[in-house]
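Everything on this sheet refers to the single structure shown next.
Residue numbers (the numbering used here): 2 to 505.
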C-alpha cells in the first residue's frame with residue numbers, strides 16, 4: 002500500500018511499490034493529455050497484475066514493504082508490534098476490537114452494494130480507525146472477492162494488513178494531524194461508503210480523484226495559490242507539483258473546457274483531445290491512453306480497449322491475456338499461454354513475487370538458476386529452501402542453516418535475514434525497519450553505518466554516502482551531492498553540487 006496520486010499504471014506489483022498501492026492523497030502530476038499512460042487499467046488482466054499508483058513527486062525514494070529506504074510515504078509503526086498483530090491505530094484505540102468491527106462493516110458493505118447501492122446500513126468509520134479500516138477491508142477483499150488478476154500476492158491476511166498499514170503509516174498520521182488542527186475536515190459516513198466501494202471492486206483508494214464519495218472523505222480549505230503538501234489540503238483537491246519548487250494549490254479545469262497536458266481537470270474527468278472529458282470506463286475500440294477500460298477489457302499497445310486474449314492468441318503487453326494465462330514473447334511476438342502447472346518450468350523474476358509466475362496455489366521455486374519449477378507454496382511454518390518457496394510479499398524463508406521455515410516478515414525486534422534479489426526478496430523486515438545481525442532494527446541514524454540491506458537505507462532525512470557507507474545529512478546549498486539535495490534544491494553539475502531550483 003503506498004501513497005501517491007492519480008497517475009495510474011498497470012503492473013505486476015512487488016514490495017517496492019506496496020507503498021503506492023492503495024492510498025492516494027499526495028501532490029500529483031497533472032492529469033495528462035492525449036499521450037496518457039499506455040499501461041493497462043482494467044478490471045481484468047494477466048495473473049498477478051494489480052492496479053498501482055505511481056507519483057514520483059510523492060515517492061522520492063521508493064519504499065519496499067520488506068525493509069528499505071524511507072520517504073514521505075512511510076514511517077515506523079509502534080515499537081514492539083509483532084508482524085502477526087493487527088497494526089495499532091494512528092490515533093490510539095484498540096486494534097483488535099477495531100478489526101472485529103470492520104469485519105462486520107465489510108460484510109454489510111458487500112450486501113449493501115450488491116443489493117443495488119444502498120449504503121445506509123454502513124457503520125460510519127471514525128478518524129482514528131480509518132488507517133486500520135483501509136488495510137483490513139482491502140486485505141479481506143484480496144482473499145475473498147477479488148479476481149485472481151486483481152489480487153495482491155500476499156500469503157496471509159494478517160501479513161497483508163501489517164504490510165499495507167506500515168506502508169502508509171506516515172501519511173495516515175499526517176491526515177489525522179491535519180484534521181485535528183482544522184486544516185482538513187473528515188466525513189465518517191463518506192469514509193465507510195468509499196472503503197466499501199473500493200473493497201468490493203478491488204480498486205485503489207483514491208481520496209483525490211476517485212469515485213464519489215472518496216474525494217469528500219478529507220476536504221481542505223486552502224485557496225488557489227496557497228502552499229500545500231497534500232492534494233486534499235486544497236479546496237480544489239489539486240496541490241500542483243513543481244518538482245523541487247514550493248507546491249501550491251491550483252484551480253482545476255472545468256468539465257468541457259479546453260485543457261493542456263499540464264492542467265488537471267475537474268474530479269471525474271481527464272484532459273483528452275485538448276478538452277476535459279468525463280473519465281468513464283471505455284468499450285472495445287475506444288481510446289484508452291488516459292482512460293480505463295471496462296471489466297474484461299485491457300488497453301492495448303495502440304491505446305485502444307480490446308478484449309482480453311485467450312490461450313493461444315497473440316498478445317502485445319503484460320496484462321493482455323485472460324485469467325490463468327500470461328503473455329510470453331518467444332522472440333517473434335507474444336502469445337497467451339496457460340500459467341505453468343506443477344513441476345513445469347517457469348522463469349524467475351526478481352521484480353515480481355514468486356506466486357505470480359505459476360498457476361494459482363503454486364510458486365516459481367528458484368535455486369539460483371535462470372529457470373525455475375512450479376511447486377506448491379509452502380505454508381507459514383513449513384520447511385523452505387529460500388524465500389521463493391513461500392510465495393508472498395509478507396513472508397520470507399528464515400532460520401539457521403538448513404532449518405529454515407516460511408515466516409511472516411518481522412517487525413522491530415523480530416528475527417530476519419538479509420534480502421536476496423535472486424529469490425525476489427528485497428528485505429527481511431516490515432517497512433521501515435532493516436535487518437541487521439539477524440534482527441529487525443530501526444534505520445541507522447546520522448553518522449552510523451548504512452543499513453546492511455539492499456537499499457542501504459538511513460533514517461528519515463538522511464542519505465547513505467556510498468563511498469564511506471555512513472548515513473549523512475542531505476546536502477545543502479553549495480555542498481557536494483550525488484543525486485539528493487535538501488528540499489528546494491537540485492543536484493546538478495559538473496561538478497555535482499546542490500543548487501537552487503529554478504521555480505516559475
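Where a beta carbon is used, it is the ideal one built from N, C-alpha and C, also for glycine.
Host alpha helix (DSSP H) of residue i (start-end)
i, result
"residue 138", "131-143"
"residue 185", "Here residue 185 belongs to no alpha helix (DSSP H); instead the beta strand (DSSP E) covers 185-187."
Best match in the options for proximity to residue i [C-alpha to C-alpha]
i, options, result
"residue 1", "221, 324, 336", "Outside the shown range of the chain (2 to 505) lies residue 1, about which nothing can therefore be said."
"residue 225", "207, 254, 435, 335", "254"
"residue 491", "340, 243, 391", "243"
"residue 147", "448, 205, 194", "205"
"residue 279", "262, 258, 371", "258"
"residue 417", "402, 407, 436, 276", "436"
"residue 303", "297, 402, 287, 440", "287"
"residue 311", "134, 340, 196, 365", "340"
"residue 447", "474, 468, 458", "474"
"residue 382", "350, 355, 407, 391", "407"
"residue 219", "128, 282, 299, 395", "128"
"residue 166", "395, 125, 349", "395"
"residue 362", "134, 338, 193, 325", "325"
"residue 152", "160, 451, 140, 163", "140"
"residue 496", "503, 488, 484, 504", "484"
"residue 375", "388, 391, 358", "358"
"residue 380", "130, 134, 144, 157", "157"
"residue 301", "281, 313, 322", "322"
"residue 202", "181, 296, 175", "296"
"residue 332", "316, 344, 345", "316"
"residue 275", "463, 263, 281, 284", "263"
"residue 159", "334, 178, 143", "143"
"residue 1", "293, 334, 372, 450", "Examination of residue 1 is not possible in this model, given that the chain is present from 2 through 505 alone."
"residue 145", "397, 256, 200, 293", "200"
"residue 450", "467, 178, 260", "467"
"residue 212", "273, 350, 281", "281"
"residue 186", "233, 207, 209", "233"
"residue 191", "184, 176, 163, 208", "208"
Range covered by the beta strand (DSSP E) that runs through residue i
i, result
"residue 307", "306-308"
"residue 375", "373-377"
"residue 128", "Here residue 128 belongs to no beta strand (DSSP E), and DSSP marks it neither H nor E."
"residue 429", "Element bounds for residue 429: n/a, residue is neither H nor E."
"residue 337", "335-339"
Bridge partners - residue i, DSSP secondary structure assignment
i, result
"residue 169", "According to DSSP, which records beta bridges pairwise, residue 169 is partnered with nothing at all."
"residue 363", "377"
"residue 272", "277"
"residue 249", "228, 241"
"residue 463", "474"
"residue 346", "374"
"residue 468", "According to DSSP, residue 468 bridges with nothing at all."
"residue 503", "For residue 503, which the question treats as bridged, DSSP gives no partner whatsoever."
"residue 437", "440"
"residue 490", "501"
"residue 452", "Looking at the DSSP assignment, residue 452 forms no beta bridge with any residue, so it has no partner."
"residue 266", "254"
"residue 481", "498"
"residue 259", "276"
Under 7 Å between C-beta atoms of residue i and residue j
i, j, result
"residue 228", "residue 247", "yes"
"residue 506", "residue 306", "With the chain represented from 2 up to 505, any question about residue 506 goes unanswered, as that position is not in the structure."
"residue 481", "residue 498", "yes"
"residue 432", "residue 168", "yes"
"residue 238", "residue 214", "no"
"residue 360", "residue 378", "no"
"residue 132", "residue 173", "yes"
"residue 420", "residue 429", "yes"
"residue 369", "residue 155", "no"
"residue 347", "residue 365", "yes"
"residue 476", "residue 486", "yes"
"residue 223", "residue 123", "no"
"residue 193", "residue 126", "yes"
"residue 444", "residue 458", "yes"
"residue 289", "residue 283", "yes"
"residue 230", "residue 241", "no"
"residue 389", "residue 403", "no"
Residue i beta carbon near the ligand FAD (any heavy atom closer than 6 Å)
i, result
"residue 387", "As for the ligand FAD, it is missing from this structure, which has no ligand bound."
Mind pulling the beta strand (DSSP E) runs of 3 or more residues that sit fully within the stretch 279-330?
-> 298-300, 306-308, 326-330
Taking only runs of the alpha helix (DSSP H) that begin and end inside the stretch 152-236, which ones reach a length of at least 4 residues, in chain order?
-> Listed in chain order, the complete alpha helix (DSSP H) runs (minimum 4 residues) inside the stretch 152-236 are 158-168, 170-181, 189-201.
Which residue spans inside the stretch 381-418 form an unbroken beta strand (DSSP E) run of at least 3?
-> 396-399, 406-409
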